[in-house]
Amino acid sequence: MKLFKTEGETSFQEQVMVDLLLSMGDTEEDPLDYVFDECRGSVKAFLEEVLRAECDMFLGFARYERGIGRADSRNGYYERDLESVFGLLEDLRIPRTRNNTFRTKLIAKYQRRQKQVANLIREMFVRGVSTRRIKDVLTPLLGIEPSASTVSRIAKTLDAEVAKYRKRRIEDEYLHLILDAVTMKVKEAPAARKVMVLCAYGITTYGKRCLIAFEQARAESEACCEAFLESLWKRGLYGQNLELIITDGSPGLIRAVELIYPGVKRQRCWAHKGRNVASKVRRKNQDECLAGMKRIYNQPNRREAIRAYREWATRWREEEPGAVECVARDLEELLAFYQMPEHHWKKIRTTNLIERIFREVRRRTRPMSCFANKASCDRVIFAVFDSFNKRWELKPIRHFTQKG
């Protein structure tokens with residue numbers, strides 16, 4: 084293959100264009116496929132030329148140059164297939180020397196794929212594409228066929244990032260803290276079982292949001308929640324700026340919060356409370372009862388909210404006493420958000436901010452159905468959390484500033 088034209092000859096690029104123009108319309112194939120196939124060969128030829136030049140620089144003399152006192156000399160080539168963003172470069176010729184002193188800096192020892200390809204495979208994995216389906220996607224696109232074990236091996240490179248994420252120091256800058264858990268299925272002997280993944284989501288004074296941490300636990304018990312919150316405290320989240328912690332109705336989580344952050348006000352999630360109330364109301368009354376309950380937290384101030392609660396309780400106490408009791412016993416914590424600035428209310432009266440993240444986690448893990456082990460679960464959840472954190476770096480919550 085000639086890359087440069089000599090006198091009386093057309094260049095490689097010109098020949099490609101001539102062949103393309105002559106073949107256009109003859110087949111149903113995309114003409115661009117022909118161009119890119121030719122470009123792949125050009126990339127391979129150029130890379131081989133760079134490798135030869137690198138070897139020349141290492142030895143200090145060009146090919147066919149004679150001399151005395153040389154420490155090493157050329158000894159042909161060895162071939163290697165390389166998976167690249169241009170496709171599979173087959174039988175790439177890499178120079179070698181007689182004393183085996185030359186090591187190219189372009190391609191690492193035993194390297195079989197470009198880092199960008201490995202990153203692409205890893206990103207597809209964390210986006211929810213199964214290890215076996217990745218091959219189906221990349222084969223027609225790049226001409227490479229990564230096995231399921233290769234994909235798993237590349238995904239394991241996330242382990243170091245997960246460990247770093249869990250050991251990093253947490254700045255004590257959060258104004259509101261949302262705590263919740265999501266259920267995942269993980270394979271363990273003798274069979275798969277469900278695990279709870281405890282998560283912490285924080286909002287700073289200036290509206291910066293961050294998925295602070297996550298941890299797998301056997302259950303949402305007081306001991307597990309306490310260990311999770313204690314790890315946050317030891318890493319720097321002392322709660323000196325915390326004004327509100329939002330949780331669901333988990334007794335273990337509530338007791339752990341009271342132990343680790345005893346002086347911080349706690350907000351009960353209205354979304355979880357609504358689901359609890361719905362389970363206690365007869366089907367024929369659900370729509371009207373829940374609509375009346377929503378009017379409680381949509382009032383302009385705490386006094387009006389209490390008045391709306393009394394009207395709602397009066398209406399339903401006889402027909403649905405369980406629902407009224409469910410709201411009454413937690414009313415004070417349900418109305419805690421009224422003590423915060425008004426422009427914060429919509430974001431902090433529920434755990435919906437973190438629930439949206441959980442929906443994304445479930446969407447991406449649905450094709451997997453069950454994680455092979457705990458490490459695999461950590462990788463995917465970390466990847467989802469990390470993508471959201473990077474997206475939010477320059478996008479604070481609107482109107483969520485210190486001055487309001």
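Sequential numbering from 84 applies to the sequence shown in the working numbering.
Cβ coordinates follow ideal geometry from the N, Cα and C atoms, glycine included.
(message) Among Arg412, Gly332 and Val467, whose alpha-carbon lies nearest the alpha-carbon of Glu303?
(response) To locate residue 303, count along the sequence shown from 1; it is residue 220. Nearest of Arg412, Gly332 and Val467 to Glu303, Cα basis: Gly332.
(message) Give me the residue from Lys268, Gly322, Leu281 and Asn359 with the minimum Cα distance to Ala455.
(response) Taking the first residue of the sequence shown as position 1, residue 455 is located at position 372. Ranking the options by Cα distance to Ala455, first place goes to Lys268.
(request) Out of Gln194, Ile217 and Lys192, state which residue places its alpha-carbon closest to the alpha-carbon of Ile204. (result) Numbered from its first residue, the sequence shown carries residue 204 at position 121. Closest by alpha carbon: Ile217.
(request) For Gly170, write down the residues that DSSP places opposite it in a beta bridge. (result) As a working note, residue 170 is residue 87 in the sequence shown. Bridge partners of Gly170: Ser167.
(message) Are the CB atoms of Thr184 and Asp139 within a distance shorter than 9 Å?
(response) Walking along the sequence shown from the start, residue 139 turns up at place 56. Walking along the sequence shown from the start, residue 184 turns up at place 101. In this structure, Thr184 does not lie closer than 9 Å to Asp139 by Cβ.
(request) Pull up the distance between the alpha-carbon of Cys453 and that of Ala275, whole angstroms please. (result) As a position in the sequence shown, residue 453 is number 370, starting the count at 1. As a position in the sequence shown, residue 275 is number 192, starting the count at 1. Taking the straight line from one Cα to the other gives about 8 Å.
(request) Going by CA-CA distance only, name the one from Leu171, Arg146 and Glu137 that's closest to Ser125. (result) For the purposes of this step, residue 125 is identified with residue 42 of the sequence shown, where counting begins at 1. Checking every option, the nearest Cα to that of Ser125 belongs to Leu171.
(request) Using a threshold of 9 Å, state whether the C-beta atoms of Glu166 and Pro223 are closer than that. (result) Here residue 166 refers to the residue found at position 83 of the sequence shown. Here residue 223 refers to the residue found at position 140 of the sequence shown. No, Cβ-Cβ distance for Glu166 and Pro223 is not below 9 Å.
(request) For Gly487, I'd like the list of residues in its chain whose CB is within less than 6 Å of its CB, leaving aside the five on either flank, ordered along the chain. (result) One-based indexing of the sequence shown puts residue 487 at position 404. Residue confidence for Gly487 is low, a pLDDT of 44 falling below 50, so the modelled location carries little weight and cannot support an answer.
(message) Using the three-state DSSP reduction, which class does Thr287 fall into: helix, strand or coil?
(response) Indexing the sequence shown from 1 puts residue 287 at position 204. Strand.
(request) Could you tell me whether the Cβ atoms of Tyr257 and Pro479 are closer together than 9 Å? (result) In the sequence shown, the residue the question calls residue 257 occupies position 174. In the sequence shown, the residue the question calls residue 479 occupies position 396. No, these two residues do not count as a Cβ contact at 9 Å.
(request) Just mark Glu403 as buried or exposed, buried being the case when its beta carbon has 16 or more other beta carbons within 10 Å. (result) As a first step, residue 403 is located in the sequence shown; it is residue number 320 there, counting from the start. That one is buried.
(message) Can you give me the C-alpha to C-alpha distance between Arg445 and Ala272, rounded to a whole angstrom?
(response) Taking the sequence shown and counting its residues from 1, the one referred to as residue 445 is at position 362. Taking the sequence shown and counting its residues from 1, the one referred to as residue 272 is at position 189. Roughly 23 Å between the two C-alpha positions.
(request) Quick one: residues in its chain with C-beta nearer than 6 Å to the C-beta of Lys348, no 5 flanking neighbours on either side, listed in chain order? (result) Position 265 of the sequence shown, counting from 1, holds the residue named residue 348. Cβ neighbours of Lys348 beyond the five flanking positions: Leu327 and Ala419.
(request) Can you give me the start and stop residues for the alpha helix (DSSP H) that Gln369 sits inside? (result) Here residue 369 is taken as the residue at index 286 of the sequence shown, counted from 1. Gln369 -> alpha helix (DSSP H) spans Gln369 to Tyr380.
(message) Quick check: the Cα distance between Met488 and Pro334, rounded to an integer number of angstroms?
(response) The chain is shown only over 84 to 487; residue 488 falls outside these bounds and no answer can be derived.
(message) At the 9 Å Cβ level, is Ala145 part of the contact set with chain C, yes or no?
(response) Checking the listed chains, one finds no chain C in this structure; it contains a single protein chain.
(request) Inspect the beta-carbon positions of Cys460 and Val200 and report whether they are closer than 9 Å. (result) For the purposes of this step, residue 460 is taken as the residue at position 377 of the sequence shown. For the purposes of this step, residue 200 is taken as the residue at position 117 of the sequence shown. In this structure, Val200 does not lie closer than 9 Å to Cys460 by Cβ.
(message) Quick check on Glu244: does DSSP put it in helix, strand or coil?
(response) Here residue 244 corresponds to residue number 161 of the sequence shown, with the count starting at 1. If DSSP states are grouped into helix, strand and coil, Glu244 belongs with the helices.
(message) Please classify Ile431 as buried or exposed, where buried requires at least 16 other C-beta atoms within 10 Å of its C-beta.
(response) By 1-based counting over the sequence shown, the position of residue 431 is 348. Per the 10 Å Cβ criterion, buried.
(request) Look up Thr330 in the DSSP assignment and give the residues it is bridged to. (result) Here residue 330 refers to the residue found at position 247 when the sequence shown is read from its first residue. Beta-bridge pairing links Thr330 to Arg351.
(request) Taking only the alpha-carbon atoms, compute the straight-line gap between Arg367 and Gly405 and give it to the nearest angstrom. (result) Position 284 of the sequence shown, counting from 1, holds the residue named residue 367. Position 322 of the sequence shown, counting from 1, holds the residue named residue 405. Here residue 367 turns out to be Lys, not Arg, going by the sequence shown. Taking the straight line joining both Cα atoms gives about 15 Å.
(request) Report buried or exposed for Pro178, applying the criterion of at least 16 other Cβ atoms within 10 angstroms of its Cβ. (result) As a working note, residue 178 is residue 95 in the sequence shown. Buried, because 16 or more other Cβ atoms sit within 10 Å of the Cβ of Pro178.
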